[in-house]
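Our numbering puts the first residue of the sequence shown at 522, with every later residue one more than the last. Every residue, glycine too, gets a C-beta built ideally from N, C-alpha and C. Model, not experiment: these values are computed from the prediction.
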Amino acid sequence: SIMSGVIKNIRTLVTKYPLAKGMLTYSVLWPASNVTQQCLDPTRKKINHWETVRFAIFGPLVIAPSMYTWIKVASIMVKGNALRHAILKACLEQIFYAPVTITQFFIGMNLFEGKSWDESVQEWKVKGPSTWKTAICIWPIIQTVNFWLVPERNRVPLVAFCGFIWNIYLSYIHSRNWKENVIEEEAKNL
522 SIMSGVIKNI
532 RTLVTKYPLA
542 KGMLTYSVLW
552 PASNVTQQCL
562 DPTRKKINHW
572 ETVRFAIFGP
582 LVIAPSMYTW
592 IKVASIMVKG
602 NALRHAILKA
612 CLEQIFYAPV
622 TITQFFIGMN
632 LFEGKSWDES
642 VQEWKVKGPS
652 TWKTAICIWP
662 IIQTVNFWLV
672 PERNRVPLVA
682 FCGFIWNIYL
692 SYIHSRNWKE
702 NVIEEEAKNL
């Protein structure tokens with residue numbers, strides 16, 4: 522049947538090309554996490570479909586290849602899959618990769634929405650550091666398990682699945698008005 526042929530071709534694609542597996546996973550989970558966040562947000566009256574489309578494009582075309590590249594680089598930088606190697610890779614990720622991907626997310630998504638470069642950078646300056654601090658509390662544990670116990674070909678999809686909750690958080694942080702955050706911070710400092 523046609524459907525079994527399509528499924529067979531998809532299996533071949535994701536087995537032969539791990540990046541394709543990651544991109545396919547991100548193409549489902551990124552928009553799903555955004556829709557979940559929008560549904561959980563009591564201030565939203567309806568789903569912003571264009572926002573979800575942006576997540577559906579940005580996740581698989583920007584973040585998945587970036588994550589795939591990082592996992593390859595980390596495996597080259599630190600040889601081995603023992604627990605000590607996994608911990609080192611996870612720590613290196615928080616130092617080198619997390620700031621890059623958080624920057625990609627905030628600046629990239631804002632530019633994708635049509636915001637100016639200056640406004641995108643300003644929002645990143647407000648939201649990026651606190652997002653990174655939160656990431657440091659979560660991702661080293663997930664990535665230690667990932668680098669230690671999961672075969673390399675399945676690491677990007679595992680990160681995508683674990684990242685579902687993280688992406689709900691990112692979607693929430695991204696949807697907050699950063700200018701209000703600046704005013705709140707200035708009020709605290711008075």
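How is residue i classed by DSSP in three states: helix, strand or coil?
{"i": "Pro563", "result": "coil"}
{"i": "Val574", "result": "helix"}
{"i": "Glu634", "result": "coil"}
{"i": "Pro672", "result": "coil"}
{"i": "Ala595", "result": "helix"}
{"i": "Arg697", "result": "coil"}
{"i": "Tyr618", "result": "helix"}
{"i": "Lys600", "result": "coil"}
{"i": "Asn569", "result": "coil"}
When the distance is taken between beta carbons, is residue j closer than 8 angstroms to residue i?
{"i": "Thr557", "j": "Ile689", "result": "yes"}
{"i": "His606", "j": "Phe668", "result": "yes"}
{"i": "Leu613", "j": "Met598", "result": "yes"}
{"i": "Leu550", "j": "Ala656", "result": "no"}
When the Cα of residue i is compared with those of the options, which residue comes out closest?
{"i": "Ile628", "options": "Gln615, Trp645, Ala619 and Val594", "result": "Trp645"}
{"i": "Ala619", "options": "Pro678, Trp687 and Ala577", "result": "Trp687"}
{"i": "Pro725", "options": "Met524, Ser596, Glu614 and Glu640", "result": "Residue 725 lies beyond the range of the chain shown here (522 to 711); nothing can be said about it."}
{"i": "Leu540", "options": "Cys658, Ile623, Leu691 and Thr590", "result": "Thr590"}
Measuring straight from C-alpha to C-alpha, what distance separates residue i and residue j?
{"i": "Gly684", "j": "Glu634", "result": "22 angstroms"}
{"i": "Thr665", "j": "Ser587", "result": "19 angstroms"}
{"i": "Ile584", "j": "Pro661", "result": "18 angstroms"}
{"i": "Gln600", "j": "Asp562", "result": "Per the sequence presented here, residue 600 reads as Lys, with Gln not at that position. Taking the straight line joining both Cα atoms gives about 43 angstroms."}
{"i": "Thr652", "j": "Tyr693", "result": "11 angstroms"}
{"i": "Ser696", "j": "Lys648", "result": "11 angstroms"}
{"i": "Ala611", "j": "Pro678", "result": "16 angstroms"}
{"i": "Asn631", "j": "Thr564", "result": "21 angstroms"}
{"i": "Ile592", "j": "Gln615", "result": "13 angstroms"}
{"i": "Ile578", "j": "Glu640", "result": "21 angstroms"}
{"i": "Glu530", "j": "Met544", "result": "The identity of residue 530 in the sequence shown is Asn, whereas the question assumes Glu. Approximately 16 angstroms between the Cα atoms of the pair."}
{"i": "Ile623", "j": "Gly526", "result": "39 angstroms"}
{"i": "Arg575", "j": "Leu670", "result": "33 angstroms"}
{"i": "Leu691", "j": "Gly580", "result": "12 angstroms"}
{"i": "Trp638", "j": "Phe626", "result": "13 angstroms"}
{"i": "Val594", "j": "Ile523", "result": "39 angstroms"}
Below 7 angstroms, is the gap between the Cβ of residue i and the nearest heavy atom of the ligand GDP?
{"i": "Asn602", "result": "The ligand GDP is absent from the structure shown, which contains no ligands of any kind."}
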